[in-house]
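Residue numbers (my numbering), protein chains in the order written: chain D, 25 to 138; chain R, 664 to 780.
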Amino acid sequence: AQSVSQHNHHVILSEAASLELGCNYSYGGTVNLFWYVQYPGQHLQLLLKYFSGDPLVKGIKGFEAEFIKSKFSFNLRKPSVQWSDTAEYFCAVNRYSSASKIIFGSGTRLSIRP
Amino acid sequence: GAVVSQHPSRVICKSGTSVKIECRSLDFQATTMFWYRQFPKQSLMLMATSNEGSKATYEQGVEKDKFLINHASLTLSTLTVTSAHPEDSSFYICSASPGQGIGNEQFFGPGTRLTVL
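Below, the structure is given as structure tokens:
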């Protein structure tokens, strides 16, 4: 069965530290990839998405992600985090053959120390 | 950006009663709406996909007679939890997409916290 794995359940960083959150998926076909963020008390928001083209995708708030097809990975990065980045981050995958259905990873909670 | 609302935000009910949750797309027409369930500290689990005017497609393991979904218009979908039991207590989140098909962006509602006593 298709799955999305986020191995970091809780990441704690200091402000200005660099961030990388891992995401791997298990599906051999063509996929679309997403990162969503859920700030405390708020609803899910799209950070960035990859459909095709340049595997390095830039999103909002300084985030970027790189699609590495050979590794089935789509890791999220940010060079310098801020306290306001404290949130839950979800990686998600949409199978190219499955119209609109999105499968979410288990999420990574990011805590930033001021 | 596109806004999706849910009502109510929180509901507490007695075991055996039914609860209806509404999901509305406020500034766009949603061809497709999705219902998710999120347990504490866990991910979103897709329950069903609904297209306006047709029956919902339920994920494996989701009881369609227990979780009734109606997508009567392009801006409204409802989820009714029938004969609710404590194990149905959860956070229910809807999302709406303006188009069908692959990779169309979904816009998420703020969620509804259901507690069944």
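Idealized CB from N, CA, C, for every residue including glycine. Model, not experiment: these values are computed from the prediction.
Exercise. For R/Trp698, which residues does DSSP report across the bridge?
Worked result: On the second sequence, position 35 is the one that residue 698 of chain R refers to. In DSSP, R/Trp698 forms a bridge with R/Ala711 and R/Cys757.
Problem set entry | Close beta carbons around D/Pro103, own chain, < 6 Å, minus the five adjacent residues each side | Here residue 103 of chain D is taken as the residue at index 79 of the first sequence, counted from 1. Spatial neighbours of D/Pro103 in its own chain (CB-CB distance under 6 Å, excluding positions within 5 residues in sequence) are listed in chain order as Ser42.
For this session: Determine, using beta carbons only, whether D/Phe58 and D/Leu70 come nearer to each other than 8 Å.
Result: If you number the first sequence from 1, residue 58 of chain D lands on position 34. If you number the first sequence from 1, residue 70 of chain D lands on position 46. Pairing D/Phe58 with D/Leu70 gives a Cβ-Cβ distance under 8 Å.
For this session: On the DSSP bridge assignment, give the partners of D/Leu70 in chain order.
Result: Counted from its first residue, the first sequence places residue 70 of chain D at position 46. BP columns for D/Leu70 point to D/Tyr60.
Exercise. Any Cβ of chain B within less than 8 Å of the Cβ of D/Leu70?
Worked result: Absent here is chain B; the protein component of the structure consists of chains D and R.
Exercise. Is the Cβ-Cβ distance between R/Leu777 and R/Val682 less than 8 Å?
Worked result: Numbered from 1 along the second sequence, position 114 holds the residue referred to as residue 777 of chain R. Numbered from 1 along the second sequence, position 19 holds the residue referred to as residue 682 of chain R. R/Leu777 places its beta carbon less than 8 Å from that of R/Val682.
For this session: Spell out a yes or no on whether the stretch 684–701 of chain R and the stretch 740–749 of chain R are touching, meaning 3 or more CB-CB pairs, one atom from each, closer than 8 Å.
Result: By the Cβ test, the stretch 684–701 of chain R is in contact with the stretch 740–749 of chain R, since at least three Cβ pairs between them sit closer than 8 Å.
For this session: Classify D/Ser108 as helix, strand or coil using the three-state DSSP reduction.
Result: Counted from its first residue, the first sequence places residue 108 of chain D at position 84. Looking at D/Ser108 - three-state DSSP - the assignment turns out to be helix.
For this session: Evaluate R/Ala735 with the Cβ neighbour count: other Cβ atoms within 10 Å of its Cβ, from every protein chain shown; 16 or more gives buried, anything less gives exposed.
Result: One-based indexing of the second sequence puts residue 735 of chain R at position 72. That one is exposed.
Exercise. Exposed or buried, D/Ser94, counting other C-beta atoms within 10 Å across all chains shown (16 or more means buried)?
Worked result: On the first sequence, residue 94 of chain D is found 70 positions in, with the first residue counted as 1. Here D/Ser94 is exposed, its C-beta having fewer than 16 other C-beta atoms within 10 Å.
Problem set entry | Any chain D beta carbon closer than 8 Å to R/Thr680 | Translated into positions along the second sequence, residue 680 of chain R becomes position 17. The beta carbon of R/Thr680 sits no closer than 8 Å to any beta carbon of chain D.
For this session: Leaving out five residues on either side along the sequence, give the residues of the same chain with a beta carbon under 8 Å from the beta carbon of R/Asp728.
Result: Indexing the second sequence from 1 puts residue 728 of chain R at position 65. Non-local beta-carbon contacts of R/Asp728 in its own chain, meaning distances under 8 Å to residues more than five positions away in sequence, involve Thr745 in chain order.
Problem set entry | Cross-chain neighbours of R/Pro773 in chain D, by beta carbon under 8 Å | Here residue 773 of chain R is taken as the residue at index 110 of the second sequence, counted from 1. Chain D residues near R/Pro773: Gln66 and His67.
Exercise. Taking the alpha carbon of R/Arg700 as the point to measure from, which residue in R/Glu715, R/Gly762, R/Tyr721 and R/Cys676 has its own alpha carbon closest?
Worked result: Taking the first residue of the second sequence as position 1, residue 700 of chain R is located at position 37. Among R/Glu715, R/Gly762, R/Tyr721 and R/Cys676, the Cα nearest to that of R/Arg700 belongs to R/Tyr721.
For this session: Count the other CB atoms, across all protein chains shown, that sit within 10 Å of the CB of D/Ala40; report buried if there are 16 or more and exposed otherwise.
Result: For the purposes of this step, residue 40 of chain D is taken as residue 16 along the first sequence, with counting starting at 1. The residue is exposed, with fewer than 16 neighbouring Cβ atoms inside 10 Å.
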